[in-house]
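Colleague: Questions regarding the structure given below will be posed in turn.
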Amino acid sequence: MAAMTDIPADTAPELDLDNYLALPRVAGLDVSPDGRQLVTSVGQLDPDGTAYVTALWAIDPEGHAPPRRVTRSAKGESDPRFAPDGSVLFTSARPDPEAKDADDDPVARLWRLPAAGGEAALVADPPGGVVGFAVAREDGRVVLGANIHPDADSWKDDTERGKARKDRKVTAQLFETYPVRFWDRWYGPRERQLFAQADASERPAFHALTPRVAFALEEQEFDLAPDGATLVTSWWTSPTDPRDRVLELVAVAIDHQGRPGERRVLAAGDRLRYASPKVAPDGTAVVALRAPLATPDGVPDLTLVLVDLASGEQRDLLEGFDRWPQAPVWSPDGSAVFFTADEDGCTRPYRVDIATGDVTRLATEGAYTDLTPAPDGSALYALRSHWAYPPAVVALDPAAADQEPRPLLSPGAGATPPARVERVETSAGDGVRVPGWLVLPEHQDGPAPLVVFIHGGPLGSWSGWSWRWNPQLLAARGYAVLLPDPALSTGYGLGYIQRGWGRWGAEPYTDILALVDAVEARADIDAERTAAMGGSFGGYMANWVAGHTDRFDAIVTHASLWNLEAFHGATDLGPWWENEFGDRYTDPSRYQEWSPHRHVDSIRTPMLVIHGEKDYRVPVSEGLTLWTDLARHGVDAKYLHFPDENHWVLKPEHTRVWYETVYAFLDHHVRGEKWERPDLL
């Protein structure tokens with residue numbers, strides 16, 4: 001297991017599967033009210049190496065003291081948040097020490113770690129589990145999300161209803177609204193509600209703020225005013241036509257006993273969605289992301305709006321800013337909002353001044369997440385990663401432009417070897433710049449075979465370290481890896497997305513090939529030994545590539561779209577795709593024109609198909625149909641199936657199997673080596 005200290009880059013081990021899987025996985029960040037401590041969650045392999053267990057670690061904001069672990073349990077801890085008294089609230093499935101019987105199916109509970117250290121105490125134990133929580137920065141009140149049966153009047157009642165279903169062995173569900181599932185889980189029989197802390201005891205009661213809301217809060221973020229008297233959340237509407245489903249911004253008053261008062265719509269609009277609300281430090285306003293629903297003719301413009309909490313009056317804070325903001329957070333004095341945005345192959349931190357609207361880019365290199373301002377406004381902490389290294393904690397000046405961040409002593413920092421990563425680009429046929437990253441073997445003897453990674457989304461970008469598709473692992477085996485950002489990629493303006501909007505097999509495809517042509521012209525790349533790989537939309541594109549060119553020696557397609565018309569009815573959010581491809585029932589022409597399955601008779605390239613059974617975003621039916629069609633047409637193909645993985649392969653040993661199978665497939669078809677079936681398969 002990698003040591004939890006800084007490791008000099010020149011002594012870091014070669015990045016093979018063993019030490020890659022053992023790397024500490026840092027996620028989430030918060031700062032104490034006095035600014036003297038940061039806390040993050042770190043995932044590490046369990047003793048058997050078959051699962052990741054998370055724990056909370058404290059980090060010195062000055063960077064002097066080494067990081068130290070502050071929690072430990074077999075179930076792990078995550079999502080840490082400081083309370084005003086300096087205690088740390090977190091979620092964990094660790095058992096209630098006072099419970100008589102152990103849980104058969106443990107769920108996340110809310111715990112509190114005292115500021116002075118010691119044993120954590122259980123705060124809330126809803127039978128359906130905690131799904132997110134917020135803490136009022138001044139008052140200390142907690143609001144949590146929890147799943148509960150829609151007709152249950154209390155957590156006790158919910159427990160009894162759950163037990164009755166279990167005792168009678170009933171797993172059936174009756175759905176009356178769309179959608180019915182998301183990502184890798186079916187909705188129901190419980191639905192998410194929000195509950196407010198009712199008193200100041202160590203084990204407080206919680207009152208329902210949003211009873212019987214019928215999935216209005218699924219997957220949504222919420223925030224509390226500093227005084228704990230107002231909750232603001234995104235809220236799904238339930239129109240008759242699911243294409244019109246939008247997110248409103250809703251405010252709920254909370255009385256001193258934690259009971260709900262007035263609930264009002266703060267911001268709404270025809271075909272508008274509001275997300276990621278954050279209440280201002282003085283409690284008078286909210287910032288939120290706002291985007292209209294897309295149409296087949298146009299890409300939506302996502303922006304950041306300031307909403308007055310009393311009147312609902314709005315102001316666009318980013319007029320003319322041609323990038324999509326993410327994850328807003330207030331400065332402590334309320335004079336500015338920090339956010340991140342994809343830009344030119346990075347995810348950069350920004351600051352927008354509330355009074356003037358001036359936008360400052362705070363840093364250029366790397367991918368930033370979890371922006372966390374120091375309470376006194378003296379620093380902005382964040383997690384930063386790059387293709388050369390995984391996420392680690394850094395500090396920024398909250399106002400200076402394009403600065404180099406100050407690295408802090410962070411769990412696992414420096415544990416990866418230096419990588420040769422270059423920025424590359426070319427011009428497409430229409431003259432538009434097409435950029436990407438090229439990851440090269442550290443020690444190269446002659447031209448390297450090339451593997452092209454095609455990103456998912458499709459609205460995304462290759463901007464930072466990946467725990468799922470990591471080019472360094474292939475580079476360590478002697479491959480060069482190209483990470484193109486073709487049309488539809490974020491970080492290059494709305495016009496760049498519009499070039500490929502609703503026409504996935506056009507510019508996104510030709511952009512990739514143009515950049516491949518440019519890279520293959522290099523002396524250090526072997527243009528005669530190449531492969532293409534992609535997952536999700538990247539898998540769609542891998543399938544499209546397979547049906548339109550024989551230039552690659554092998555193709556790996558993971559969780560991929562194959563038949564766009566069939567996909568529409570089986571995916572978890574079918575009507576959402578009509579915003580780009582149109583009404584499938586009245587005009588299916590775009591689905592038909594850009595569906596890879598129509599070109600199966602042209603496929604000659606060997607293909608490795610990979611899919612997870614619990615993938616509801618791109619259902620396994622797509623992978624099975626692709627596999628059947630390839631077999632029917634005599635294509636040299638293999639199918640790797642994961643019965644208990646979703647759109648992503650997450651379990652450590654399944655990650656190992658995934659890479660070992662990909663290695664064997666590429667080595668065989670690209671390098672001409674003998675096919676070696678991976679162990680355990």
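Just so you know, we're using the working numbering here: the sequence shown kicks off at 1 and counts up by one.
Beta carbons are placed, not taken as given, at the ideal position from N, Cα and C, and that holds for glycine.
Every value quoted in this text rests on a predicted model; they were computed, and no experiment measured them.
If you draw a straight line from the C-alpha of L683 to the C-alpha of T50, how long is it?
Modeller: With the chain covering 1 to 681 only, the question about residue 683 has no answer from this structure.
Colleague: What's the call for W675, buried or exposed, on a 16-neighbour Cβ count within 10 Å?
Modeller: Working through the sequence shown from its first residue, we reach residue 675 at position 675. Exposed, since its Cβ has fewer than 16 Cβ neighbours within 10 Å.
Colleague: Using a Cβ-Cβ cut-off of 7 Å (strictly less than) and excluding sequence neighbours within five positions of A2, which residues of its own chain qualify?
Modeller: Position 2 of the sequence shown, counted from the first residue, corresponds to residue 2. Here A2 scores only 33 on pLDDT, less than 50, and its place in the model should not be relied on; the value that follows carries that caveat. The answer, listed in chain order, is N19, A22, L23, P24, G412, A415.
Colleague: Grab me the residues of P61's own chain with a C-beta within less than 6 Å of its C-beta, minus the 5 sequence neighbours each way, in chain order.
Modeller: Here the question's residue 61 lines up with position 61 in the sequence shown. Excluding sequence neighbours, P61 sits near L38.
Colleague: Straight-line CA distance for L383 to S463?
Modeller: On the sequence shown, residue 383 is found 383 positions in, with the first residue counted as 1. On the sequence shown, residue 463 is found 463 positions in, with the first residue counted as 1. Rounded to the nearest angstrom, the two C-alpha atoms are 14 Å apart.
Colleague: DSSP three-state call for Y479: helix, strand or coil?
Modeller: By 1-based counting over the sequence shown, the position of residue 479 is 479. Correct three-state label for Y479: coil.
Colleague: Just reading off the beta strand (DSSP E) that L231 is part of, what are its end residues?
Modeller: Reading the sequence shown from its first residue, position 231 is the one you call residue 231. 230–236 is the span of the beta strand (DSSP E), which, as asked, contains L231.
Colleague: For the 8 Å Cβ check, are there 3 or more pairs between the segment 512–532 and the segment 436–453?
Modeller: Enough Cβ pairs lie closer than 8 Å, so yes.
Colleague: Quick one: give me the first and last residue of the alpha helix (DSSP H) that Q498 is part of.
Modeller: To locate residue 498, count along the sequence shown from 1; it is residue 498. Looking at the DSSP string, the run of the alpha helix (DSSP H) that includes Q498 is 494–498.
Colleague: If we count Cβ pairs, one from each stretch, closer than 8 Å, do we get three or more for the segment 237–251 versus the segment 571–589?
Modeller: Yes, they touch.
Colleague: Tell me the DSSP secondary structure of G672 in three-state form.
Modeller: Taking the sequence shown and counting its residues from 1, one reaches residue 672 at position 672. Coil, per DSSP.
Colleague: Quick one: Cα of G86 to Cα of H149, how far?
Modeller: The residue labelled residue 86 in the question sits at position 86 within the sequence shown. The residue labelled residue 149 in the question sits at position 149 within the sequence shown. Going by the C-alpha atoms only, they are around 34 Å apart.
Colleague: If we require 4 or more residues per run, which alpha helix (DSSP H) segments fall completely within the segment 626–674?
Modeller: Runs of the alpha helix (DSSP H) inside the segment 626–674: 652–669.
Colleague: Going straight from the alpha carbon of G457 to that of R584, what length do you get?
Modeller: In the sequence shown, residue 457 corresponds to position 457, counting from 1. In the sequence shown, residue 584 corresponds to position 584, counting from 1. Roughly 21 Å separates the two Cα atoms.
Colleague: Just to confirm, is the Cβ distance from D199 to A205 under 8 Å?
Modeller: By one-based count along the sequence shown, residue 199 stands at place 199. By one-based count along the sequence shown, residue 205 stands at place 205. Cβ atoms of D199 and A205: closer than 8 Å.
Colleague: Using alpha carbons as the reference points, say which of A268, G35, P67 lies closest to V393.
Modeller: Position 393 of the sequence shown, counting from 1, holds the residue named residue 393. Nearest C-alpha to V393: P67.
Colleague: Which stretch, first to last residue, makes up the alpha helix (DSSP H) that contains K156?
Modeller: Counting from one through the sequence shown, the residue named residue 156 turns up at place 156. Residues 155–167.
Colleague: Please report the distance separating the alpha-carbon of L640 from that of A419.
Modeller: The count along the sequence shown starts at 1 and reaches residue 640 at position 640. The count along the sequence shown starts at 1 and reaches residue 419 at position 419. Rounded to whole angstroms, L640 to A419 spans 29 Å at the Cα level.
Colleague: Return the residue from the list V88, A108, A83, D125 that minimises the CA-CA distance to A99.
Modeller: For this step, residue 99 is matched to residue 99 along the sequence shown. Per the Cα distances, D125.
Colleague: For S589, report the span of its alpha helix (DSSP H) as first-last.
Modeller: Counting from one through the sequence shown, the residue named residue 589 turns up at place 589. Where S589 is concerned, the enclosing alpha helix (DSSP H) stretches over 589–593.
Colleague: Under 6 Å Cβ to Cβ from R590, same chain only, skipping five residues before and after it: list those, please.
Modeller: Counting from 1 along the sequence shown, the entry for residue 590 is found at position 590. So the list reads G502, F581, G582, once near-sequence residues are dropped.
Colleague: Any idea what DSSP makes of H443, helix, strand or coil?
Modeller: The sequence position of residue 443 within the sequence shown is 443, counting from 1. Coil, per DSSP.
Colleague: CB-CB under 6 Å to Q472, same chain, minus the five flanking residues each way: which ones, in chain order?
Modeller: To locate residue 472, count along the sequence shown from 1; it is residue 472. Closer than 6 Å at Cβ, skipping near neighbours: L15, A419.
Colleague: Do A251 and L194 come within 8 Å of each other at the CB atom, strictly closer than that value?
Modeller: Translated into the one-based positions of the sequence shown, residue 194 becomes position 194. Translated into the one-based positions of the sequence shown, residue 251 becomes position 251. No, they are not a contact pair.
Colleague: If we ignore side chains and look at the alpha-carbon of each, how far apart do T704 and P678 end up?
Modeller: The question about residue 704 has no answer here: the residues shown for the chain are numbered 1 through 681.
Colleague: On the criterion of 16 or more Cβ atoms from any shown chain inside 10 Å, does K169 qualify as buried, or is it exposed?
Modeller: Translated into positions along the sequence shown, residue 169 becomes position 169. Looking at its Cβ environment, which holds fewer than 16 other Cβ atoms inside 10 Å, K169 is exposed.
Colleague: So, with DSSP's three-state summary, where would you put D6?
Modeller: Walking along the sequence shown from the start, residue 6 turns up at place 6. Note that D6 scores a pLDDT of 37, beneath 50, so its modelled location is shaky; the value from the coordinates is reported in the next line. Note: D6 maps to coil in three-state DSSP.
Colleague: Report the three-state DSSP secondary structure of I148 (helix, strand or coil).
Modeller: Here residue 148 refers to the residue found at position 148 of the sequence shown. Three-state result, I148: strand.
Colleague: Kindly give me the distance between the Cβ atoms of F215 and E176, rounded to whole angstroms, as I take these residues to be in contact under 8 Å.
Modeller: Sequence index remark: in the sequence shown, residue 215 carries index 215 (1-based). Sequence index remark: in the sequence shown, residue 176 carries index 176 (1-based). About 10 Å separates the two Cβ atoms, so there is no contact after all.
Colleague: Do G283 and D227 have their C-beta atoms closer together than 8 Å?
Modeller: Position 283 of the sequence shown holds residue 283. Position 227 of the sequence shown holds residue 227. Cβ distance < 8 Å, so G283 and D227 count as in contact.
Colleague: Terminal residues of the continuous alpha helix (DSSP H) containing A566?
Modeller: For the purposes of this step, residue 566 is identified with residue 566 of the sequence shown, where counting begins at 1. Residues 564–570.
Colleague: Are the segment 331–347 and the segment 357–373 touching by the rule of at least three beta carbon pairs closer than 8 Å?
Modeller: Cβ pair count under 8 Å is three or more, so yes.
Colleague: Do F338 and P325 have their C-beta atoms closer together than 8 Å?
Modeller: The count along the sequence shown starts at 1 and reaches residue 338 at position 338. The count along the sequence shown starts at 1 and reaches residue 325 at position 325. No.
Colleague: Excluding sequence positions up to five away, which residues of its chain have a Cβ less than 7 Å from the Cβ of N147?
Modeller: As a working note, residue 147 is residue 147 in the sequence shown. If we look at N147 and ignore the five residues flanking it on each side, its Cβ neighbours are G128, G129, V131, R190, E191, R192.
Colleague: Straight-line CA distance for D353 to A336?
Modeller: Mapped onto the sequence shown, residue 353 falls at position 353. Mapped onto the sequence shown, residue 336 falls at position 336. D353 and A336: Cα-Cα distance of roughly 4 Å.
Colleague: If we count the other Cβ atoms within 10 Å of its Cβ and call it buried at 16 or more, is D667 buried or exposed?
Modeller: For the purposes of this step, residue 667 is identified with residue 667 of the sequence shown, where counting begins at 1. Label assigned to D667: buried.
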